[in-house]
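Report on one structure; see the data block that follows.
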Amino acid sequence: MVTVERTQTGLRIERNTLKVLKGLAEYLDISLGDLVEGIVLHAFEGRPPFGPETLTKIEQLREVYGLTLTAADAHLLEER
């Protein structure tokens, strides 16, 4: 185990994306913060954060919560 210092932050994120992340965290039985940290640390190393089984679950959650955004939409989103 590695000891770290965490800080509370206010993060704005698209509504359906958050629903999928919360659903995935619940499925994996980890906190939302731990999930986001894991995704970011994998991305920083250019490694995929999810295996085939988890990607299948993500696709199911995307359908359930109506998440249609893709990586191509990143940095192009505009708030209402």
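Note that the working numbering gives residue 23 to position 40 of the sequence shown, counting from 1, and the numbers run on in steps of one.
For each residue, glycine too, the CB sits at the ideal point set by N, CA and C.
Query, Result
"Other residues of its chain near A8: CB distance less than 8 Å, five sequence neighbours each side excluded", "S14, L15, D17, L18"
"Cβ neighbours of K5 in the same chain (closer than 8 Å, five flanking residues each side left out)", "L15"
"C-alpha distance - K2 paired with Y48, whole-angstrom precision", "7 Å"
"Distance, L24 Cα to P35 Cα", "19 Å"
"Local conformation of R(-11) per DSSP, three classes", "coil"
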